[in-house]
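Engineer: In the UniProt record's numbering, the protein residues as written are 1 to 220.
The following block contains the structure, expressed as structure tokens.
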């Protein structure tokens, strides 16, 4: 199946016309028609947007998803590392939830989009965004990205260290225990991730579907 056939198949499965998909993608209907006819291939930014519109990973969109039962079972923990051309992106979330600005998108899995945000005051931070809460992913215009050495991270990177967790259905941040630092937010420590939940140190379980953001806490 070609990329164009894949886009048409996914669009039809969602019940979208070309005009409806074009509106969601903020492109012209003729651009959609050209993609579906294999007259051109969506650029990286549009591939990201298409993956969110169709609620699949970029890897699935381009036809590289695994087909074995074992791979499907491991889908929640295995992630895809992507090269987005060192492009900086702004990610907006639904409702009152805070997104992130000027981040490098470095990987994704079924639930999360992984990012790195550089900082002038520290070595930068790694975090994840809940994909189901994303409303838009836009390239940052007029800001030249810096060539960085970014680590390969997975869910396990956020275990056994101070992190902040933001939830979609709760006002504010999840607050943890034994945090003696004078900062705006208390921290939590993640023990482990399950298929649909994560487990906090000192007790507590959160549904992955409710999480909008996890970000490591860095001492300045």
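Every residue gets a Cβ at the ideal spot worked out from N, C-alpha and C, and that includes glycine.
Contact check, residue 97 vs residue 168 under 8 Å by CB: the rounded distance?
Structural biologist: 6 Å
Engineer: Here's a check: name, in chain order, each residue in its chain whose Cβ is nearer than 7 Å to the Cβ of residue 160, leaving out the five neighbours to either side.
Structural biologist: Excluding positions up to five away in sequence, the list reads 189.
Engineer: Whole angstroms are fine: how far does the CA of residue 193 sit from the CA of residue 156?
Structural biologist: 8 Å
Engineer: Assign residue 85 to one of three DSSP states: helix, strand, or coil.
Structural biologist: Residue confidence for residue 85 is low, a pLDDT of 49 falling below 50, so the modelled location carries little weight and cannot support an answer.
Engineer: Alpha carbon to alpha carbon, how far is residue 212 from residue 170? Give it in angstroms, no decimals.
Structural biologist: With a pLDDT of only 47 at residue 170, under 50, the local geometry of the prediction cannot be trusted, and no value is derived from it.
Engineer: Bridge partners of residue 205, per DSSP?
Structural biologist: 199
Engineer: So what does DSSP say about residue 4, is it helix, strand or coil?
Structural biologist: helix
Engineer: Within 10 Å of its beta-carbon, does residue 30 have 16 or more other beta-carbons around it, so buried, or fewer, so exposed?
Structural biologist: exposed
Engineer: Any idea if residue 99 is buried or exposed, counting beta-carbon neighbours within 10 angstroms, 16 or more meaning buried?
Structural biologist: buried
Engineer: Return the chain-ordered list of same chain residues with a C-beta closer than 6 Å to the C-beta of residue 7, the five sequence neighbours on each side being excluded.
Structural biologist: If we look at residue 7 and ignore the five residues flanking it on each side, its Cβ neighbours are 35, 36.
Engineer: Please confirm whether residue 24 and residue 44 have their CB atoms less than 8 Å apart.
Structural biologist: Taking 8 Å as the cut-off, the beta carbon of residue 24 is found no closer than this to the beta carbon of residue 44.
Engineer: What first and last residue would you give for the alpha helix (DSSP H) that runs through residue 36?
Structural biologist: 29-36
Engineer: Quick check: the Cα distance between residue 90 and residue 201, rounded to an integer number of angstroms?
Structural biologist: 31 Å
Engineer: Taking residue 217 as part of the beta strand (DSSP E), name the residues at either end of that continuous run.
Structural biologist: From DSSP, residue 217 is part of no beta strand (DSSP E); its letter is neither H nor E.
Engineer: Determine whether the beta carbon atoms of residue 196 and residue 207 lie at a separation below 8 Å.
Structural biologist: Yes, the Cβ-Cβ distance between residue 196 and residue 207 is below 8 Å.
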